[in-house]
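Numbering (the working numbering), first residue to last: 674 to 951.
To start, the structure under review is shown below, and the notes come after it.
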Amino acid sequence: MSEVAGDSLERFEDSHGEIREAVEEAAGLVVCTDFDGTLAPIEEDPDAPEIDPENRELLERLRDAGDTRVAVVSGRALTDVRERVGVEGIAYAGNHGLELEREGSVVVHPIAKRHADRIERICEALSEALAGIDGTGIEDKGVTATIHYRQTPDEAVPVVREAVDDAVERFGGSGIEKTDGKEIVELRPEVRWHKGMAVSMLVDDHPDDWLPIYIGDDTTDESAFRAVDDGLAIYVGTGETDAHYRVPTQSGVTPCLSALAEWHAGTERRPRADGIER
Ligand SMILES: O=P(O)(O)OC[C@H]1O[C@H](O[C@H]2O[C@H](CO)[C@@H](O)[C@H](O)[C@H]2O)[C@H](O)[C@@H](O)[C@@H]1O
């Protein structure tokens, strides 16, 4: 991973020349983006985030540009992220890729589905165990769950984490694993599947000369950055990352999407190898 401060990771805004060239040389774009902290700012209340309206318009513009695939790839449940983004005719991945909607049809990872009842039991146990701890939230997302402690008093955070460990031990068996995110602990089935694999599936739907792009801000986005290693991986933030470029803050995502849309729109379409008009 590259350490951002003072290392070789270039800012998106300082690299317009090379990024524009990559976009203009590509026959098409597969633009995948994370939701929380990327399309929408991080909020104290996990239920509060709304997509920045300009980002919604830019996703629509990219969708309509021709020779593009747009996808939102989120840790939220599929139905939740689809509603928050509100753009029709694009792909969505929910629950870190365990749920994938392409061309209107939804596939849920079959092993993850089988573990959903364990996730439910853990959430129920945690609702009781954490009822007295102000500011702690449990988000049951079906095949995964998120325990939020952003608004929990600092001294109570270890208590929350311990309660999560206990509940997983009692009801999760060996099938449930824990991961950390931004002021959250997430519980998910122990299956070899992550955002990067969902992104690879989306990219593989398209010819090799299309440019894969991923924009994200959190640890779970790192697998997706690696999945687009031959394209553009854009990290939102100032931490360590495997991405190629960074925008330091969420507000930098709009100019980034806007530049990609503008450069792609200005690209002269090459004739397709199969002779079909683009
Ligand atoms: O993959 P993402 O779309 O980035 O989703 C990751 C998690 O995002 C949400 O939690 C985060 O955002 C909340 C609202 O800004 C914030 O309160 C929380 O502290 C963050 O961790 C969401 O609630 C989770 O389900 C997602 O897994």
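Glycine is no exception: its CB is placed at the ideal position from the N, C-alpha and C atoms.
Note that this is a predicted model, so its numbers are computed, not measured.
Buried versus exposed, by CB contacts within 10 Å (16 or more), residue i
{"i": "Asp878", "result": "exposed"}
{"i": "Ala678", "result": "Low per-residue confidence applies at Ala678: pLDDT is 46, beneath 50, and the placement is therefore not dependable, though the value from the model is reported in the following sentence. Ala678 is exposed by the Cβ-count criterion."}
{"i": "His917", "result": "buried"}
{"i": "His961", "result": "For the chain, the structure presents residues 674 to 951; residue 961 sits outside this window and is missing."}
{"i": "Gln952", "result": "With the chain represented from 674 up to 951, any question about residue 952 goes unanswered, as that position is not in the structure."}
{"i": "Ser896", "result": "buried"}
{"i": "Ile949", "result": "Because the pLDDT of Ile949 is 48, which lies under 50, any placement of that residue in the model is unreliable, and the number read from its coordinates should be weighed accordingly. Its Cβ having fewer than 16 others within 10 Å, Ile949 is exposed."}
{"i": "Ala934", "result": "buried"}
{"i": "Arg650", "result": "In this structure the chain extends from 674 to 951, so residue 650 is not present and cannot be described."}
{"i": "Val780", "result": "exposed"}
{"i": "Glu683", "result": "exposed"}
{"i": "Arg861", "result": "buried"}
{"i": "Ala764", "result": "buried"}
{"i": "Pro880", "result": "exposed"}
{"i": "Gly910", "result": "buried"}
{"i": "Ser900", "result": "Checking the sequence shown, residue 900 turns out to be Ala, not Ser. Buried, because 16 or more other Cβ atoms sit within 10 Å of the Cβ of Ala900."}
{"i": "Gly939", "result": "exposed"}
{"i": "Ala699", "result": "buried"}
{"i": "Ala804", "result": "exposed"}
{"i": "Gly701", "result": "buried"}
{"i": "Glu772", "result": "buried"}
heavy atom of ligand 2 below 8 Å from residue i C-beta
{"i": "Asp813", "result": "The model depicted lacks ligand 2 and carries ligand 1 instead."}
Residue i versus the options, residue with shortest Cα-Cα distance
{"i": "Arg775", "options": "Glu793, Lys786, Arg755", "result": "Arg755"}
{"i": "Ala936", "options": "Glu683, Phe685, Leu682, Ile692", "result": "The sequence as given places Trp at residue 936; Ala does not occur at that position. Closest option to Trp936, Cα to Cα, is Ile692."}
{"i": "Ala713", "options": "Leu732, Asp725, Gly815", "result": "Asp725"}
{"i": "Ala871", "options": "Gly748, Val858, Thr819, Glu835", "result": "Gly748"}
{"i": "Asp697", "options": "Gly912, Ala906, Asp882", "result": "Going by the sequence as given, residue 697 is Glu instead of Asp. The candidate whose alpha carbon is nearest that of Glu697 is Asp882."}
{"i": "Gly846", "options": "Asp718, Glu863, His821", "result": "Glu863"}
{"i": "Gly912", "options": "Gly889, Val901, Asp903", "result": "Gly889"}
{"i": "Phe898", "options": "Arg684, Asp687, Asp707", "result": "Asp707"}
{"i": "Gly710", "options": "Glu686, Ala938, Thr940, Val920", "result": "Val920"}
{"i": "Leu632", "options": "Tyr887, Thr914, His769", "result": "Residue 632 lies beyond the residue range present for the chain, which begins at 674 and ends at 951; the question has no answer from this structure."}
{"i": "Pro731", "options": "Pro722, Asp718, Val745, Pro719", "result": "Per the sequence presented here, residue 731 reads as Leu, with Pro not at that position. Here the closest residue by C-alpha is Val745."}
{"i": "Glu686", "options": "Gly939, Thr940, Thr927, Ala938", "result": "Thr927"}
{"i": "Glu856", "options": "Ile811, Glu801, Arg757, Asp903", "result": "Ile811"}
{"i": "Gly767", "options": "Asp753, Glu761, Pro719, Val760", "result": "Asp753"}
{"i": "Phe844", "options": "Arg757, Arg823, Ala750, Cys796", "result": "Cys796"}
Beta-ladder partner(s) of residue i, from DSSP
{"i": "Cys796", "result": "None; Cys796 has no bridge partner."}
{"i": "Asp853", "result": "Val858"}
{"i": "Ala744", "result": "Cys705, Ala764"}
{"i": "Ile811", "result": "Ile820"}
{"i": "Glu774", "result": "Tyr765, Val779"}
{"i": "Ala700", "result": "Bridge partners of Ala700: none, in fact."}
{"i": "Ala713", "result": "Asp709"}
{"i": "Glu683", "result": "Tyr918"}
CB contact check: residue i to chain E, cutoff 9 Å
{"i": "His782", "result": "Judged by its chain identifiers, the structure shown contains no chain E, having just a single protein chain."}
Mind pulling the beta strand (DSSP E) runs of 3 or more residues that sit fully within the segment 883 to 933?
You should have 883 to 889, 905 to 909, 918 to 920.
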